[in-house]
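Enquirer: Can you keep this structure in mind? I'll have questions shortly.
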Amino acid sequence: MHKPDLCVAKNREKVKINYVNLDLDIKPVFKGKKYFLRTYGCQMNVHDSEEIRYYLEQLGYSHSDVLEDADIVVLNTCAIRENAKDKVFGYLGRCKHLKKTKKDLIICLCGCLTEQPSEIEAIMNKHKYIDIVIGTHNLSDLPKLIVDANGKQNIEVYSNSDKVTENIKYSRDSKISAWINIQLGCDKFCTYCIVPYTRGRERSRKMENILKEVQELKNAGYKEITLLGQNVNAYGKDLDLGYDFATLLEETAKIGIPRIRFVTSHPWNFTDKMIDVIAKYPNIMPYVHLPIQSGSDAILKKMNRRYTVEEYKQLFDTIKEKVPGVSITTDIIVGFPNETKDDFERTLDIVNYCKFDGAFTFIFSPRVGTAAALMEDKITLEEKEERLHILNELVNKYSLENNKKYEGKVVEVLVTGPSDKGEDKVCGYTDTMKLVNIIGSKDLIGKIVKVKITEAKSFSLDGGVVSD
Ligand code: 5AD
Ligand code: SF4
2 MHKPDLCVAK NREKVKINYV NLDLDIKPVF KGKKYFLRTY GCQMNVHDSE
52 EIRYYLEQLG YSHSDVLEDA DIVVLNTCAI RENAKDKVFG YLGRCKHLKK
102 TKKDLIICLC GCLTEQPSEI EAIMNKHKYI DIVIGTHNLS DLPKLIVDAN
152 GKQNIEVYSN SDKVTENIKY SRDSKISAWI NIQLGCDKFC TYCIVPYTRG
202 RERSRKMENI LKEVQELKNA GYKEITLLGQ NVNAYGKDLD LGYDFATLLE
252 ETAKIGIPRI RFVTSHPWNF TDKMIDVIAK YPNIMPYVHL PIQSGSDAIL
302 KKMNRRYTVE EYKQLFDTIK EKVPGVSITT DIIVGFPNET KDDFERTLDI
352 VNYCKFDGAF TFIFSPRVGT AAALMEDKIT LEEKEERLHI LNELVNKYSL
402 ENNKKYEGKV VEVLVTGPSD KGEDKVCGYT DTMKLVNIIG SKDLIGKIVK
452 VKITEAKSFS LDGGVVSD
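Note that our numbering has the sequence shown beginning at 2, numbered continuously upward.
Shown next, in the form of structure tokens:
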């Protein structure tokens, strides 16, 4: 059994990357049995679940949407905020109940929650019905742990990893749009954030392996890829091989997949070279997710974000100027410890300045092990909720205003699936990442079509297909 070190939060040294080439031989020993997989959190987890699903299917399990029908339940967890954690433990209650009548049920926990020592303690003491706990660095051990499951709790979590695993296989969610990990972990240590502890030091995959994956996805007919990392624009800094994110983006664009996206960008590492590459290649989508987190320099400093509001504004303006029609979204935290009314007003100022296409907004949630969790905080939850409400009103106003500009225009949409707005509709995304509900048949799925926008709402657009 490997438990994460309790002092993991202090461990900040750079790692020498150890590249491991995966070559697993998985036998379908569970043929006829069913799996239930639930994913919480960010795109990293969504992509990790595609790896988990590959292992489950290789073991012979078939998919079930119904928890009660499952022989194995896998919860891929998130630890970014307390409510993400609460959701997991709430769902575990249902699993525990099911196990009372289904003794052979295997319950498995993966994802960021398993990398928190305090949660491991709780799992060992209070959640003994969980069979397997596996960390974020050793997912490829999952098939073996499942085969070896024997009714005793098995915890295999490594708190730190120097590993980058290559040749991972995925059972992907989509045949149209695919995720590609380009970098694992994060070295930024924003004081509120648990990710550097749950995902480890920043490690870049080698460019040749990423480009090979892009080429394979293109050959398989994929229309879109998204390059994934906590700070994609810090890509390559740890490798010293003479290339950076701009190089990777450019080489990816040359392969000729129709749509290329990337998330998430940290303002600190965003270079002019990157902006030039985005502007140069029509298959790099004019969309940037650029978290600002706060509009107050004092709070940004306490957050260890490494930029000032002025620097963010300059970067924002340069991207807008050099990439025509670009849409920019952001993340904002309200109620960081002792955020004053004035600090909050500054956040409203930056939203008024940037008029973001969209923003994910959060109330600060203290995470055990992070620096901000130890900071004094006199602001009440009511005050924080009120600030969030005010911020959301403003953010939504600008989302709608930006979307309104699309009314009457013809835009290209990659149709990704059926729409939940009606049987006669499908949905997809513009190059600028606007969700569009389109009247049309399912035959459109997987195609890039021209759509005339008829109505704009805060979070989506409506439209109809037009011929060339
Ligand atoms: N509390 C609230 N929001 C957080 N985020 C990260 N950590 C926390 C936290 N402790 C937000 C940030 C980040 C996004 C993914 O989640 O805005 O960009
Ligand atoms: Fe967390 Fe900051 Fe790293 Fe983003 S850049 S994952 S917010 S530590």
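Here a beta-carbon is modelled for each residue, glycine too, at the ideal position from N, C-alpha and C. Note that this is a predicted model, so its numbers are computed, not measured.
Could you tell me the alpha carbon to alpha carbon distance between Asp163 and Asp49, rounded to whole angstroms?
Expert: Within the sequence shown, numbered from 1, the residue matching residue 163 stands at position 162. Within the sequence shown, numbered from 1, the residue matching residue 49 stands at position 48. One C-alpha to the other measures close to 18 angstroms.
Enquirer: If I follow the unbroken beta strand (DSSP E) through Ser328, where does it start and stop?
Expert: Translated into positions along the sequence shown, residue 328 becomes position 327. Here the beta strand (DSSP E) through Ser328 covers Ser328 to Val335.
Enquirer: Taking a cut-off of 6 angstroms, which residues have a beta-carbon closer than that to any heavy atom of ligand 1, in chain order?
Expert: Ile81, Arg82, Tyr193, Cys194, Pro292, Gln294, Asp332, Ile334, Phe363, Phe365, Ser366 and Arg368
Enquirer: For the alpha helix (DSSP H) containing Ile211, name the first residue and the last one.
Expert: Taking the sequence shown and counting its residues from 1, the one referred to as residue 211 is at position 210. Residues Met208 to Asn220.
Enquirer: Specify which residues have a beta carbon nearer than 6 angstroms to any heavy atom of ligand 2, listing them in chain order.
Expert: Cys187, Lys189, Phe190, Cys191, Cys194, Val196, Pro197, Gln231, Asn232 and His267
Enquirer: Considering only the beta carbon of each residue, do Ile107 and Ile156 sit closer than 9 angstroms?
Expert: Translated into positions along the sequence shown, residue 107 becomes position 106. Translated into positions along the sequence shown, residue 156 becomes position 155. No. Outside cutoff.
Enquirer: Within the continuous alpha helix (DSSP H) that includes Lys255, where are the two ends?
Expert: Here residue 255 refers to the residue found at position 254 of the sequence shown. Looking at the DSSP string, the run of the alpha helix (DSSP H) that includes Lys255 is Phe246 to Ile256.
Enquirer: Per DSSP, what kind of secondary structure is Asp132 in: helix, strand or coil?
Expert: Position 131 of the sequence shown, counting from 1, holds the residue named residue 132. Note: Asp132 maps to coil in three-state DSSP.
Enquirer: Hey, which unbroken runs of the beta strand (DSSP E) at 3 residues or more fall wholly within the segment 22 to 108?
Expert: The segment 22 to 108 contains these whole beta strand (DSSP E) runs: 35 to 40 and 73 to 78.
Enquirer: On the three-state DSSP scale, how would you describe Gln117?
Expert: In the sequence shown, counting from the first residue as 1, residue 117 sits at position 116. DSSP places Gln117 in coil when its eight states are reduced to three.
Enquirer: Report the rounded CA-to-CA distance for Cys355 versus Gly136, giving the unit in angstroms.
Expert: Indexing the sequence shown from 1 puts residue 355 at position 354. Indexing the sequence shown from 1 puts residue 136 at position 135. A direct Cα-Cα distance of roughly 38 angstroms separates Cys355 from Gly136.
Enquirer: Would a C-beta distance cut-off of 9 angstroms place Cys96 and Gly42 closer than the cut-off?
Expert: Taking the first residue of the sequence shown as position 1, residue 96 is located at position 95. Taking the first residue of the sequence shown as position 1, residue 42 is located at position 41. It is not a contact, given that the beta carbons lie outside the stated cut-off.
Enquirer: What residue ranges within the segment 377 to 416 form continuous alpha helix (DSSP H) runs of no fewer than 4 residues, ordered along the chain?
Expert: 382 to 405
Enquirer: Just curious, the alpha helix (DSSP H) that Cys191 is in, first and last residue?
Expert: Taking the sequence shown and counting its residues from 1, the one referred to as residue 191 is at position 190. Element bounds for Cys191: n/a, residue is neither H nor E.
Enquirer: Kindly indicate which three-state DSSP category Thr166 falls into: helix, strand or coil?
Expert: Position 165 of the sequence shown, counting from 1, holds the residue named residue 166. Three-state result, Thr166: strand.
Enquirer: Here's the rule: buried if 16 or more other CB atoms are within 10 angstroms of the residue's CB, otherwise exposed. What is Asp432?
Expert: In the sequence shown, counting from the first residue as 1, residue 432 sits at position 431. By the neighbour-count rule (16 or more Cβ atoms within 10 Å), Asp432 is buried.
Enquirer: Report the rounded CA-to-CA distance for Glu311 versus Ala299, giving the unit in angstroms.
Expert: Start at 1 with the first residue of the sequence shown, and residue 311 comes out as number 310. Start at 1 with the first residue of the sequence shown, and residue 299 comes out as number 298. The straight-line gap from Cα to Cα measures roughly 13 angstroms.
Enquirer: Do Pro367 and Tyr193 come within 9 angstroms of each other at the CB atom, strictly closer than that value?
Expert: Within the sequence shown, numbered from 1, the residue matching residue 193 stands at position 192. Within the sequence shown, numbered from 1, the residue matching residue 367 stands at position 366. Contact flag set, yes.
Enquirer: Quick check on His3: does DSSP put it in helix, strand or coil?
Expert: Translated into positions along the sequence shown, residue 3 becomes position 2. In this predicted model, His3 has a pLDDT of only 46, less than 50, meaning its place in the structure is not dependable; the value taken from the coordinates is given anyway. His3: strand per DSSP, three-state reduction.
Enquirer: Is the segment 410 to 423 touching the segment 185 to 192 in the sense that three or more CB pairs, one from each, lie closer than 8 angstroms?
Expert: As far as the Cβ criterion goes, the segment 185 to 192 does not touch the segment 410 to 423, which means the pair count is below three.
Enquirer: Is it the case that the Cβ atoms of Ile293 and Asp332 are separated by a distance below 9 angstroms?
Expert: Here residue 293 refers to the residue found at position 292 when the sequence shown is read from its first residue. Here residue 332 refers to the residue found at position 331 when the sequence shown is read from its first residue. Yes, the pair counts as a contact, with Cβ atoms nearer than the cut-off.
Enquirer: Mark Lys451 as exposed unless 16 or more other C-beta atoms lie within 10 angstroms of its C-beta, in which case mark it buried.
Expert: Against the sequence shown, residue 451 aligns to sequence position 450. So Lys451 counts as exposed.
Enquirer: If contacts are defined as beta-carbon pairs under 8 angstroms, then Tyr282 and Ala254 qualify, I think. What distance do you get, rounded to the angstrom?
Expert: On the sequence shown, residue 282 is found 281 positions in, with the first residue counted as 1. On the sequence shown, residue 254 is found 253 positions in, with the first residue counted as 1. About 4 angstroms separates the two Cβ atoms, so the contact holds.
Enquirer: What's the gap between the Cα of Gln231 and the Cα of Gly326?
Expert: One-based indexing of the sequence shown puts residue 231 at position 230. One-based indexing of the sequence shown puts residue 326 at position 325. So the alpha carbons of these two residues sit roughly 25 angstroms apart.
Enquirer: Tell me the DSSP bridge mates of Thr431?
Expert: Here residue 431 refers to the residue found at position 430 when the sequence shown is read from its first residue. Val414.
Enquirer: With which residues is Gly465 paired in a DSSP beta bridge?
Expert: As a working mapping, residue 465 is identified with position 464 in the sequence shown. DSSP lists Ile440 and Lys453 as partners of Gly465.
Enquirer: Please classify Gln231: does DSSP put it in a helix, a strand, or coil?
Expert: Here residue 231 corresponds to residue number 230 of the sequence shown, with the count starting at 1. Coil.
Enquirer: With a cut-off of 8 angstroms, do at least 3 Cβ pairs link the segment 142 to 158 to the segment 119 to 131?
Expert: Yes: at least three Cβ pairs fall under 8 angstroms.
Enquirer: Step through the CB atoms of chain C and report whether any lies within less than 9 angstroms of the CB of Val335.
Expert: Looking at the structure shown, chain C is missing, and only one protein chain is on hand.
Enquirer: Looking at C-alpha atoms only, which residue of Asn182, Val215 and Leu110 is the closest neighbour of Glu203?
Expert: Reading the sequence shown from its first residue, position 202 is the one you call residue 203. It is Asn182 whose Cα lies nearest to the Cα of Glu203.
Enquirer: Please go through the segment 301 to 367 and give each complete alpha helix (DSSP H) segment of 4 or more residues, from N-terminal end onward.
Expert: Entirely contained in the segment 301 to 367, the alpha helix (DSSP H) runs reaching 4 residues are, in chain order, 310 to 323 and 342 to 355.
Enquirer: Which partner residues does Lys127 have in the DSSP bridge list?
Expert: Looking up residue 127 in the sequence shown gives position 126. Answer by DSSP bridge pairing: none, since Lys127 is not bridged.
Enquirer: Just tell me which of Pro259, Val412, Ile439 and Val411 has its CA closest to the CA of Gly418.
Expert: Numbered from its first residue, the sequence shown carries residue 418 at position 417. A check of alpha carbon separations from Gly418 across Pro259, Val412, Ile439 and Val411 identifies Ile439 as the nearest.
Enquirer: If you count every other CB in all the chains shown that lies within 10 Å of the CB of Lys385, and 16 or more means buried, which is it?
Expert: Residue 385 sits at position 384 when you count from the first residue of the sequence shown. The residue in question, Lys385, is buried, as its Cβ has 16 or more Cβ neighbours within 10 Å.
Enquirer: Identify every residue that forms a DSSP beta bridge with Val289.
Expert: As a working mapping, residue 289 is identified with position 288 in the sequence shown. In the DSSP output, where bridge partners are listed per residue, Val289 has Ile329.
Enquirer: Between Asp26, Ser160, Ile121 and Ser459, which has its C-alpha nearest Pro144's C-alpha?
Expert: By one-based count along the sequence shown, residue 144 stands at place 143. Answer by Cα proximity: Asp26.
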